[in-house]
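Residue numbers for the sequence shown follow my numbering, beginning at 67 and rising by one. The beta carbon of each residue, even a glycine, is placed where N, CA and C say it ideally should be.
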Amino acid sequence: MAIHNRAGQPAQQSDLINVAQLTAQYYVLKPEAGNAEHAVKFGTSGHRGSAGRHSFNEPHILAIAQAIAEERAKNGITGPCYVGKDTHALSEPAFISVLEVLAANGVDVIVQENNGFTPTPAVSNAILVHNKKGGPLADGIVITPSHNPPEDGGIKYNPPNGGPADTNVTKVVEDRANALLAGGLQGVKRISLDAAMASGHVKAVDLVQPFVEGLADIVDMAAIQKAGLTLGVDPLGGSGIEYWKRIAEHYKLNLTLVNDQVDQTFRFMHLDKDGAIRMDCSSECAMAGLLALRDKFDLAFANDPDYDRHGIVTPAGLMNPNHYLAVAINYLFQHRPLWGKDVAVGKTLVSSAMIDRVVNDLGRKLVEVPVGFKWFVDGLFDGSFGFGGEESAGASFLRFDGTPWSTDKDGIIMCLLAAEITAVTGKNPQEHYNELAKRFGAPSYNRLQAAATSA
């Protein structure tokens with residue numbers, strides 16, 4: 067892919083979306099019957115599209131929410147549905163649509179208080195914590211297009227195992243949603259937002275503090291605090307800004323948020339390789355702002371808008387995601403003594419061969435899966451995978467005691483793990499990778515990004 071002549075430069079006014087226009091398109095534009103480009107399509111991370119392209123509009127979300135309500139009822143899921151949203155412009159109207167449909171279907175919903183944002187890993191963690199207590203099972207919905215440009219919207223479903231829904235479930239939801247669209251939304255139950263909020267089915271709670279306090283069960287927060295590391299965080303305007311603030315406060319970390327703005331245009335971003343605004347924390351171009359500050363910190367981090375991805379910046383620069391996965395695996399399996407000897411490592415087929423060499427040296431089993439984090443869910447859920455990671459800078463791992471923390475990707479714990487590694491060993495993750503490369507050789511790796519077709 068050719069590099070745009072403004073890649074890595076700050077966004078200009080002409081690069082920004084018109085939020086009011088985009089929101090109007092969500093409500094006014096409709097998908098055309100028989101147009102495959104306008105249909106509901108669940109990929110590896112749910113359904114994504116844009117209101118201006120007739121692929122993420124009110125009818126889509128009403129149909130998807132109804133399909134999810136029916137699917138959970140069919141499977142006997144009667145506990146609460148945790149509904150989170152990120153900071154994309156289309157996430158707010160989609161959030162409203164979801165609440166209107168779920169409440170009309172009698173589904174109990176839990177959302178962040180004060181109309182706050184909720185990262186993907188916080189929804190996954192909340193589902194697992196709830197279900198561990200016994201009783202009616204909970205599930206969740208996250209409204210996010212991940213790191214996609216500001217004009218995009220997305221929605222995904224996480225069943226009671228906390229992770230991304232498998233292909234069987236997403237196929238059922240997709241087919242039912244498209245059938246509802248084809249039928250003019252006949253069969254969709256819906257009440258107004260005011261009625262939904264007054265129905266008793268929507269409960270607003272603080273999801274932030276339980277997540278923050280629970281981090282001590284999966285990351286050595288005491289070691290990070292004791293080491294006194296200077297940490298920088300660029301939240302990239304995403305859903306975890308409040309989480310990072312409370313992490314710094316609760317654990318008394320020397321942590322600075324270099325930008326705490328929430329702006330649906332994402333005007334503070336630097337342009338990605340193709341000249342688009344894209345909150346990709348694994349891209350040197352998109353991360354140019356934080357990279358310019360790297361000498362001010364021992365380590366710096368960033369996350370995408372729903373916080374399922376991580377970007378690790380050392381004084382040497384932005385780490386290659388595959389390199390960091392190898393370092394994380396090598397460290398974790400030597401510093402988590404309560405993980406059983408049979409606990410394996412999961413990686414996607416396109417991840418670096420360095421991971422293979424590290425896992426072989428550790429004497430652990432390596433399980434390769436197709437692209438998509440959903441293939442790691444069962445292993446993380448039952449504790450047979452200590453770590454699951456994919457080359458697009460998404461991963462999760464088990465708690466100290468070998469039980470699951472998040473069965474979806476968690477960018478927060480991956481950032482904090484980099485700090486733990488540095489605090490405990492005295493070397494940052496890039497220095498650890500350099501040692502691995504000297505020991506095992508340095509595999510050649512490059513990531514290519516291409517647009518998918520409808521075929």
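Query: Status (buried if at least 16 other CB within 10 Å, exposed otherwise) for Ile193; Result: buried
Query: Proximity of Gly100 and His336 at Cβ, strictly below 7 Å; Result: no
Query: Through-space distance from Thr473 to Phe332, alpha-carbon basis; Result: 28 Å
Query: Terminal residues of the alpha helix (DSSP H) in which Asp427 lies; Result: 419-428
Query: Cβ-based neighbour list, Ala262, same chain, cut-off 7 Å, excluding 5 preceding and 5 following; Result: Leu165, Glu166, Ala169, Val268
Query: Top-ranked residue by Cα proximity to His282, from Glu501, Leu295, Ala77, Phe466; Result: Residue identity differs from the one stated: residue 282 is Ala in this sequence, not His. Residue Phe466 is the option with its Cα nearest to Ala282.
Query: Nonlocal neighbours in the same chain, by C-beta distance under 6 Å from Ile307, ignoring five residues either side; Result: Pro301, Asp326
Query: Whole-angstrom distance between Lys311 and Ala518, CA atom to CA atom; Result: Unreliable positioning characterises Ala518 in this predicted model, as indicated by a pLDDT of 48, which lies under 50. The coordinate reading is nonetheless provided below. Each residue's Cα considered, the two are about 37 Å apart.
Query: Sequence-distant residues of the same chain with beta carbon closer than 8 Å to Gly309, five excluded per side; Result: Per the sequence shown, residue 309 should be read as Tyr rather than Gly. Within the same chain, Tyr309 has close Cβ partners Pro185, Ala188, Val274, Phe277, Val278, Tyr373, Ile478.
Query: Among Arg423, Phe453, Val424, Asp427, nearest to Val435 - alpha-carbon criterion; Result: Phe453
Query: Burial state of Ile69, where buried means 16 or more other Cβ atoms lie within 10 Å; Result: exposed
Query: Through-space distance from Ile127 to Ser111, alpha-carbon basis; Result: 15 Å
Query: Contact the stretch 169-184 vs the stretch 114-121: 3+ CB pairs below 8 Å; Result: no
Query: Environment of Ala86 [buried if 16+ CB atoms lie within 10 Å]; Result: exposed
Query: Beta carbon of Ile209 nearer than 7 Å to that of Ser258; Result: no
Query: Nearest to Ile421 (by Cα), restricted to the options Ala264, Arg402, Leu464, Ala392; Result: Ala392
Query: Ala264 CB to nearest heavy atom of the ligand NAP below 6 Å; Result: With respect to small molecules bound, the structure shown includes none, and the ligand NAP cannot be examined in it.
Query: Buried or exposed (CB count within 10 angstroms, at least 16 for buried), Leu356; Result: buried
Query: Complete runs of the beta strand (DSSP E) confined to the stretch 141-178 [at least 3 residues]; Result: 147-151, 175-178
Query: Coil, strand or helix - Ala243 by DSSP; Result: helix
Query: Cβ neighbours of Val238 in the same chain (closer than 8 Å, five flanking residues each side left out); Result: Ala133, Glu137
Query: C-beta contact flag for Cys347 and Asn369 at 7 Å; Result: yes
Query: Coarse secondary structure for Leu95, derived from DSSP in three states; Result: coil
Query: The stretch 288-302 touching the stretch 194-205, judged by at least three CB pairs closer than 8 Å; Result: no
Query: Close Cβ partners of Asp174 (< 6 Å) along its chain, the five nearest in sequence each way excluded; Result: Pro146, His267
Query: Alpha carbon of Arg242 to alpha carbon of Lys493, nearest angstrom; Result: 52 Å
Query: Three-state class that DSSP yields for Glu315 in the structure shown; Result: helix
Query: Beta-carbon spacing of Tyr499, His376 below 7 Å; Result: no
Query: Collapsed DSSP secondary structure at Gly454 in the structure displayed; Result: strand
Query: First through last residue of the alpha helix (DSSP H) which encompasses Ser190; Result: 186-198
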